[in-house]
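K.L.:
Attaching a single structure in structure tokens format; questions to follow.
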Amino acid sequence: MTLAAQDLWFSYGDRPVLKGISLSVEPGEWVALAAPSGFGKTTLCRVLAGYLTPDRGSVEVDGDPLPHRGTRPVQMIGQHPERMLDPRLRMRDSLAEGTRAGCRMGEGSLCADGNGDGFAQEALLEALGIRSQWMARFPHELSGGEMQRFCIARALLARPRYLICDEISTMLDAVTQARIWEVVQQEAHARQLGVVLVTHSLPLAERLASRCVSLA
0 MTLAAQDLWF SYGDRPVLKG ISLSVEPGEW VALAAPSGFG KTTLCRVLAG
50 YLTPDRGSVE VDGDPLPHRG TRPVQMIGQH PERMLDPRLR MRDSLAEGTR
100 AGCRMGEGSL CADGNGDGFA QEALLEALGI RSQWMARFPH ELSGGEMQRF
150 CIARALLARP RYLICDEIST MLDAVTQARI WEVVQQEAHA RQLGVVLVTH
200 SLPLAERLAS RCVSLA
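The sequence shown: position 147 = 146 (numbering that gives the first Met the number 0), numbered continuously.
Right under this line is the structure:
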């Protein structure tokens, strides 16, 4: 069981960004991507998550081609939450997109489906500091940090097998950053998620990642 990228090439027009990149991520493993700005870290993240199709090469999840429709086994959290959220949806409906059941949520909470998942979802939202009064709001009515909490929650609610974290804490203060990473760590450990980590914080990468892949 592996998230495996083989010989990835990707260009924006005439500008090549990824040149023969290969990497793999095992369940439960944290892999950091290291490279200066402009060397394709975010582009690689988007290819691994299925948002971009490589010019050459392949991405497989547990031996199968990465699906581009339906439930995504690879979920990405980006550094710009406003780009990840539909501005026409209230936050409770954006969260509902992350649940497999696709059930509609009430004014302040996620739906319970009879097997205890609703309670786990509520606990996750509370741990991330998401307030019930935010549920009825639209993205433009929230701060960047508040939107980012929703993006993290939605990615985890989708029950992925692999998680892509691209500078996910840049909009948060130091105390909140520490709490958010604690929650992500706990969820990843409990579910044995493979995690790809992009961060400019060397101490954070050294603390979380078991190994580092250089793109430079």
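Glycine residues also receive a C-beta, built at the ideal position from the N, C-alpha and C atoms.
1. What span of residues does the alpha helix (DSSP H) with D54 cover, start to end?
2. Nearest to W138 by CA position, among P15, P80, V194, is which residue?
3. By the 10 Å Cβ neighbour count, where 16 or more other Cβ atoms means buried, how is Y11 classified, buried or exposed?
4. By a C-beta neighbour count over all protein chains shown, 10 Å radius and 16 as the cutoff for buried, is V183 buried or exposed?
5. Please return the same chain residues whose Cβ sits closer than 6 Å to the Cβ of S209, not counting the five positions on each side in sequence.
6. DSSP three-state call for P35: helix, strand or coil?
7. Can you tell which of L123, V212, E96 has the C-alpha that lies nearest to the C-alpha of V197?
8. Suppose the cutoff is 6 Å on Cβ atoms and the five residues either side in sequence are ignored; what does the same chain contact list for D63 look like?
9. Going by beta carbon distance, what residues of the same chain come within less than 6 Å of A3, once the five residues before and after it are set aside?
10. If you pair each beta-carbon of the region 87-97 with each one of the region 165-184, do three or more pairs fall below 8 Å?
11. Run the CB neighbour count on G77, radius 10 Å, all protein chains shown included, and call it buried at 16 or more, exposed below.
12. Hey, how far is the Cα of M0 from the Cα of L192?
P.N.:
Answer, in terms of the structure:
1. Taking the sequence shown and counting its residues from 1, one reaches residue 54 at position 55. Here D54 belongs to no alpha helix (DSSP H), and DSSP marks it neither H nor E.
2. Position 139 of the sequence shown, counted from the first residue, corresponds to residue 138. According to the sequence provided, residue 138 is Pro. The question's Trp does not apply to it. Taking only the C-alpha atoms, the option nearest P138 is P80.
3. For this step, residue 11 is matched to residue 12 along the sequence shown. By the neighbour-count rule (16 or more Cβ atoms within 10 Å), Y11 is not buried but exposed.
4. Indexing the sequence shown from 1 puts residue 183 at position 184. V183 comes out buried.
5. Start at 1 with the first residue of the sequence shown, and residue 209 comes out as number 210. E28, W29.
6. Here residue 35 corresponds to residue number 36 of the sequence shown, with the count starting at 1. In this structure, P35 counts as coil in the three-state DSSP scheme.
7. Along the sequence shown, read from residue 1 onward, the residue named residue 197 stands at position 198. The shortest C-alpha separation from V197 is found at V212.
8. Taking the first residue of the sequence shown as 1, we reach residue 63 at position 64. Taken in chain order, the list of residues that qualify is empty.
9. Within the sequence shown, the letter at position 4 stands for residue 3. The residues are S23, E59.
10. Three or more beta-carbon pairs separated by less than 8 Å are not found between the region 87-97 and the region 165-184, which leaves the two stretches without contact.
11. Counting from one through the sequence shown, the residue named residue 77 turns up at place 78. Buried, because 16 or more other Cβ atoms sit within 10 Å of the Cβ of G77.
12. Stepping through the sequence shown from its first residue, residue 0 is reached at position 1. Stepping through the sequence shown from its first residue, residue 192 is reached at position 193. Our two residues, M0 and L192, have alpha carbons roughly 11 Å apart in a direct line.
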